[in-house]
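> Once you've had a glance at the structure underneath, I'll fire off some questions.
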Amino acid sequence: MDMIKYGTAVVLGGTVLYANLPTRFTLGNVVPTVEYLGETELRKVINEDNFEAPIKASELFAKGPTLVMTIRRPGCLFCRVGASDMTQIMPDLQKAGVRLIGVTHQTNAVEQFLPYFNGELYIDPQKRFFGPNERWMPFWMGALRPFTYINALLGMIRGIKAGPLLDGEGRLLGGGHNRLFYLLLSVSHSFLT
Numbered sequence: 001m002d003m004i005k006y007g008t009a010v011v012l013g014g015t016v017l018y019a020n021l022p023t024r025f026t027l028g029n030v031v032p033t034v035e036y037l038g039e040t041e042l043r044k045v046i047n048e049d050n051f052e053a054p055i056k057a058s059e060l061f062a063k064g065p066t067l068v069m070t071i072r073r074p075g076c077l078f079c080r081v082g083a084s085d086m087t088q089i090m091p092d093l094q095k096a097g098v099r100l101i102g103v104t105h106q107t108n109a110v111e112q113f114l115p116y117f118n119g120e121l122y123i124d125p126q127k128r129f130f131g132p133n134e135r136w137m138p139f140w141m142g143a144l145r146p147f148t149y150i151n152a153l154l155g156m157i158r159g160i161k162a163g164p165l166l167d168g169e170g171r172l173l174g175g176g177h178n179r180l181f182y183l184l185l186s187v188s189h190s191f192l193t
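Residue numbers (full-length UniProt numbering): 1 to 193.
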């Protein structure tokens with residue numbers, strides 16, 4: 001009977017440890033390049049149902065230094081916290097001549113997201129800004145990460161409101177880093193990344 005208890009404890013402990021490893025080790029990543037991203041057709045979001053004509057991302061990059069925030073799910077509390085943080089540094093970005101744009105692959109809850117984000121928002125229905133090979137985090141991995149809950153609590157304390165929990169797709173992660181000035185893999189809410 002003790003062997004079953006120990007075996008169960010080892011399996012559960014290993015599962016929690018695995019879930020908290022950096023996603024580059026567990027899910028891998030393929031590095032997007034500026035050239036790859038530049039070929040992406042983006043449409044500026046006016047509201048959930050209206051967009052401007054498509055343009056290539058390279059046209060946005062050609063206008064000068066650009067900070068791009070990829071947004072998995074505009075209704076997501078974590079995405080809204082990130083957007084709020086980016087908006088807070090906007091004066092410094094503008095002083096340095098850096099444009100802030102956001103790229104999402106869905107428009108669910110976009111109108112409720114925009115008050116948290118002070119940059120231009122574009123839609124990438126092909127999901128190219130999320131990497132050449134899409135990386136999907138299983139729900140159970142996110143649920144076993146303590147910092148998921150800590151960051152959710154911190155976001156709520158800041159007064160940031162989340163959209164409906166299951167509205168849209170939130171498991172898609174970002175790409176990798178290579179030949180870009182700086183690229184941050186999608187935040188996994190783990191102290192080990």
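Quick reminder that beta carbons are idealized off the backbone N, C-alpha and C, glycines included. Remember, it's a predicted structure, so these values are computed and weren't measured experimentally.
#1: Measure how close the beta-carbons of residue 210 and T87 come, nearest whole angstrom, since I'm counting them as under 8 angstroms.
#2: Less than 7 angstroms between C-beta atoms, sequence neighbours within five positions excluded: which residues of the same chain meet that for P125?
#3: Please name the residue or residues paired with M69 in a DSSP beta bridge.
#4: Given a cut-off of 9 angstroms, decide if I71 and V103 are closer than it, judged by their beta-carbon atoms.
#5: Please report the straight-line C-alpha distance between A96 and K63, rounded to a whole angstrom.
#6: On the premise that L153 lies in contact with A19, defined as a C-beta separation below 8 angstroms, what is that separation, rounded to the nearest angstrom?
#7: Determine, using beta-carbon pairs with one atom in the region 75-95 and one in the region 41-57, whether at least three such pairs fall under 8 angstroms.
#8: Per DSSP, which residues does F51 bridge with? Please list them.
#9: Run the CB neighbour count on R158, radius 10 Å, all protein chains shown included, and call it buried at 16 or more, exposed below.
#10: At which residues does the beta strand (DSSP E) containing Y122 begin and terminate?
#11: Alpha carbon to alpha carbon, how far is M3 from V11?
#12: For the candidate residues P74, N151, I46, F130, whose alpha-carbon lies nearest to that of N108?
#13: Between D49 and G7, what straight-line distance do the alpha-carbon atoms span, to the nearest angstrom?
#14: Do you know offhand how far residue 253's Cα is from V45's?
#15: Just mark L100 as buried or exposed, buried being the case when its beta carbon has 16 or more other beta carbons within 10 Å.
#16: Exposed or buried, which one is L17 when buried takes at least 16 other CB atoms within 10 Å?
#17: Helix or strand or just coil, what does DSSP make of K56?
Walking through what the data contain:
#1: Look at the range of the chain in this structure, 1 to 193, and you will see that residue 210 is not part of it.
#2: Within the sequence shown, numbered from 1, the residue matching residue 125 stands at position 125. Hits under 7 angstroms: H105.
#3: Position 69 of the sequence shown, counting from 1, holds the residue named residue 69. M69 is bridged by DSSP to G102.
#4: Indexing the sequence shown from 1 puts residue 103 at position 103. Indexing the sequence shown from 1 puts residue 71 at position 71. Contact flag set, yes.
#5: The residue you call residue 96 lines up with position 96 of the sequence shown. The residue you call residue 63 lines up with position 63 of the sequence shown. Taken atom to atom, the span from the alpha-carbon of A96 to that of K63 is near 14 angstroms.
#6: The residue you call residue 19 lines up with position 19 of the sequence shown. The residue you call residue 153 lines up with position 153 of the sequence shown. Contact between A19 and L153 is ruled out by a C-beta separation of about 19 angstroms, above the 8 angstroms threshold.
#7: Remark: fewer than three beta-carbon pairs, one from each stretch, lie closer than 8 angstroms, so the region 75-95 and the region 41-57 are not flagged as touching.
#8: Counting from one through the sequence shown, the residue named residue 51 turns up at place 51. Answer by DSSP bridge pairing, in chain order: V45.
#9: Along the sequence shown, read from residue 1 onward, the residue named residue 158 stands at position 158. It counts as exposed.
#10: Within the sequence shown, the letter at position 122 stands for residue 122. That run of the beta strand (DSSP E) goes 120-123.
#11: Taking the sequence shown and counting its residues from 1, the one referred to as residue 3 is at position 3. Taking the sequence shown and counting its residues from 1, the one referred to as residue 11 is at position 11. Near 12 angstroms, if we compare the C-alpha coordinates of V11 and M3.
#12: By 1-based counting over the sequence shown, the position of residue 108 is 108. With distances taken between CA atoms, N108 lies nearest to P74 out of P74, N151, I46, F130.
#13: Taking the sequence shown and counting its residues from 1, the one referred to as residue 49 is at position 49. Taking the sequence shown and counting its residues from 1, the one referred to as residue 7 is at position 7. Pairing D49 with G7, the inter-Cα distance amounts to about 52 angstroms.
#14: Examination of residue 253 is not possible in this model, given that the chain is present from 1 through 193 alone.
#15: In the sequence shown, the residue the question calls residue 100 occupies position 100. With 16 or more neighbouring CB atoms inside 10 Å of its own CB, L100 falls in the buried class.
#16: Your numbering for residue 17 matches position 17 in the sequence shown. Classification for L17: exposed.
#17: To locate residue 56, count along the sequence shown from 1; it is residue 56. Strand at K56.
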